[in-house]
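Asks:
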Amino acid sequence: MRDLDRLPKAHLHLHFTGSMRPETLQDLAVGYGVRLPSALLDGDPLRVPADERGWFRFQRLYDAARACVRSEADMRRILTEAVADDAAEGSRRLEIQVDPTSYAPFVGGLTPALEIVLDAARSAGQRHGVEVGVVVAASRMRHPLEARTLARLAALHAGDGPGQVVGFGLSNDERRGETSEFAAAFEIARRAGLASVPHGGELLGPAHVDSVLDHLSPDRLGHGVRAAEDPAVLDRVVGQGVALEVCPASNVSLGVYRDQAQVPLRALVDAGATVALGADDPLLFGSRLTGQYEAARTVHGFTDADLAALAKSSIRASRASDQTRARLIGEVDAWLAEPDPAAARAAS
Ligand SMILES: [Zn+2]
């Protein structure tokens, strides 16, 4: 069993606020005199039922954390730490999602909010040896016209290099908003060459996946795990080459599956889906990127070769340049070619 922190991988599903270290959140809260809900401080992974009340509880905690981010310095700190933590877990390409709307009032508008994130992504990435791209995400809870504004802003910074916008997303409660009403925003993003990476098929089932495929032409789906419930929908996902950003800890925390064993990771991989494991919101769900690979190993019985294939799959699903992808895939091969320390111990 090789060290999973050293397995090179791409991390394609991580939210800016949700990436925060608990200590950082506490520091910010103390600095602003904010009293945080105890559930944000107890260190336990969140567990809520997969219904509206559960989501409401998750969202309230999320909002409480976001309310502690009030300056350019806070934003830079969060991004820099997210990159450092990703680097320590073998992430070589991070595509982090941010909705700049929430931070805009503190830094003079949407444009500076995004520019701060992009600049911090560039410098932190350089410092830690991780290529960091940014996904601008609109919210289902707000008007589709706001999504269009964000898509236009994202388009201005489009590119596949470090500190550029690589994709456009749509997040928040899948039960809210009409998916079709966001199609125009995604069209703007697509014309600028951005990847379409909306959430879908986590809280809602295969019909939601179908609807997202119909209207938003995703390159990747945030989650999409529930496509596994309908072979025809899963076929469509695989046939269209839509990658799935699977976040097992998130699924369990949000009550979509009772435990890790119920997450259909093996079924998705066996069906030929391109899967990229992600941590989603480690602040609330209690485990980061390597934790997702650990679960694949310990719960789903993935061998080191299977885990290397998963890591390659994440790299292929990323928006890194062909050159970067080829280099990282070579690094995964090198990881797998190393002698397995457990086997070496057993032999001696
Ligand atoms: Zn997410």
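Those letters in the sequence shown? Residues 1 to 348, by UniProt numbering. The C-beta atom is built at its ideal place from N, Cα and C for all residues, glycine as well. Predicted, not measured: the structure shown is a model, and the values here were computed from it.
Under 6 Å Cβ to Cβ from Ala-308, same chain only, skipping five residues before and after it: list those, please.
Replies: For this step, residue 308 is matched to residue 308 along the sequence shown. The answer, listed in chain order, is Val-332, Leu-336.
Asks: Does DSSP classify Gly-43 as helix, strand or coil?
Replies: Locating residue 43 in the sequence shown gives position 43, where the first residue counts as 1. Three-state DSSP puts Gly-43 in coil, outside helix and strand.
Asks: Quick check: the Cα distance between Gly-108 and Val-136, rounded to an integer number of angstroms?
Replies: Taking the sequence shown and counting its residues from 1, one reaches residue 108 at position 108. Taking the sequence shown and counting its residues from 1, one reaches residue 136 at position 136. If you take the alpha carbons of Gly-108 and Val-136, they lie about 18 Å apart.
Asks: Output needed for Asp-5: all residues of its chain with C-beta closer than 6 Å, excluding positions within five of it in sequence on either side, in chain order.
Replies: Your numbering for residue 5 matches position 5 in the sequence shown. Result list for Asp-5: Glu-89, Gly-90, Thr-290, in chain order.
Asks: Any chance you could list the alpha helix (DSSP H) runs of at least 4 consecutive residues sitting entirely within the segment 71–95, in chain order?
Replies: DSSP runs (the alpha helix (DSSP H)) wholly in the segment 71–95: 72–88.
Asks: Looking at the secondary structure, which residues open and close the beta strand (DSSP E) in which Leu-170 lies?
Replies: To locate residue 170, count along the sequence shown from 1; it is residue 170. Start and end: 165–171.
Asks: By alpha-carbon positions, which one of Ala-121, Ala-192, Gly-129 ends up nearest to Arg-152?
Replies: Here residue 152 refers to the residue found at position 152 when the sequence shown is read from its first residue. Among Ala-121, Ala-192, Gly-129, the Cα nearest to that of Arg-152 belongs to Ala-192.
Asks: In angstroms with no decimal places, state the Cα-to-Cα distance between Arg-327 and Arg-77.
Replies: Position 327 of the sequence shown, counted from the first residue, corresponds to residue 327. Position 77 of the sequence shown, counted from the first residue, corresponds to residue 77. Straight-line Cα distance between these residues: approximately 29 Å.
Asks: Can you say whether Asp-235 is buried or exposed, counting buried as having 16 or more other CB atoms within 10 angstroms of its CB?
Replies: By one-based count along the sequence shown, residue 235 stands at place 235. Under this definition Asp-235 is an exposed residue.
Asks: Please classify Arg-93: is it buried, with 16 or more other beta-carbons within 10 angstroms of its beta-carbon, or exposed?
Replies: For the purposes of this step, residue 93 is taken as the residue at position 93 of the sequence shown. Under this definition Arg-93 is a buried residue.
Asks: Given the structure, does Asp-280 come close to ligand 1, in the sense that its CB is under 7 Å from one of the ligand's heavy atoms?
Replies: As a working note, residue 280 is residue 280 in the sequence shown. Yes - ligand 1 has a heavy atom lying nearer than 7 Å to the Cβ of Asp-280.
Asks: Buried or exposed for Val-134, going by 16 or more other Cβ atoms inside 10 Å?
Replies: For the purposes of this step, residue 134 is taken as residue 134 along the sequence shown, with counting starting at 1. Counting Cβ neighbours within 10 Å, Val-134 comes out buried, since at least 16 surround it.
Asks: Between Gly-224 and ligand 1, is the CB less than 7 Å from at least one heavy atom?
Replies: To locate residue 224, count along the sequence shown from 1; it is residue 224. No.
Asks: In this structure, what does DSSP give as the bridge partners for Leu-328?
Replies: Sequence index remark: in the sequence shown, residue 328 carries index 328 (1-based). Bridge partners of Leu-328: none, in fact.
Asks: What's the gap between the Cα of Asp-3 and the Cα of Ser-313?
Replies: By one-based count along the sequence shown, residue 3 stands at place 3. By one-based count along the sequence shown, residue 313 stands at place 313. Computed Cα separation, rounded: 18 Å.
Asks: Thinking C-alpha only, which one of Leu-36, Ser-318, Thr-303 is nearest Ala-342?
Replies: For the purposes of this step, residue 342 is taken as the residue at position 342 of the sequence shown. Closest option to Ala-342, Cα to Cα, is Thr-303.
Asks: Could you tell me if the beta carbon of His-15 falls within a distance shorter than 7 Å of some heavy atom in ligand 1?
Replies: For the purposes of this step, residue 15 is taken as residue 15 along the sequence shown, with counting starting at 1. At least one heavy atom of ligand 1 is nearer than 7 Å to the Cβ of His-15, so yes.
Asks: Out of Gly-330, Asp-99, Ala-84, which one is the CA nearest neighbour of Phe-16?
Replies: The residue labelled residue 16 in the question sits at position 16 within the sequence shown. It is Asp-99.
Asks: Based on the DSSP secondary-structure assignment, which residues constitute the bridge partners of Glu-131?
Replies: Position 131 of the sequence shown, counted from the first residue, corresponds to residue 131. Looking at the DSSP assignment, Glu-131 forms a beta bridge with Arg-93.
Asks: State the Cα-Cα distance for the pair Asp-173 and Asp-27, rounded to the nearest angstrom.
Replies: As a first step, residue 173 is located in the sequence shown; it is residue number 173 there, counting from the start. As a first step, residue 27 is located in the sequence shown; it is residue number 27 there, counting from the start. Whole-angstrom Cα-Cα distance: 29 Å.
Asks: Quick one: grab the DSSP three-state call for Leu-307.
Replies: Along the sequence shown, read from residue 1 onward, the residue named residue 307 stands at position 307. Here Leu-307 sits in helix by DSSP.
Asks: Assuming Glu-52 is part of the alpha helix (DSSP H), what are its boundary residues?
Replies: Here the question's residue 52 lines up with position 52 in the sequence shown. Note, Glu-52: alpha helix (DSSP H), 52–66.
Asks: Which of the three DSSP states is assigned to Glu-174 in this structure?
Replies: Locating residue 174 in the sequence shown gives position 174, where the first residue counts as 1. Coil.
Asks: Comparing C-alpha positions only, which one of Arg-47, Leu-36, Leu-12, Phe-56 sits nearest to Glu-23?
Replies: Walking along the sequence shown from the start, residue 23 turns up at place 23. Looking at the Cα atoms, Leu-36 is the closest of the given residues.
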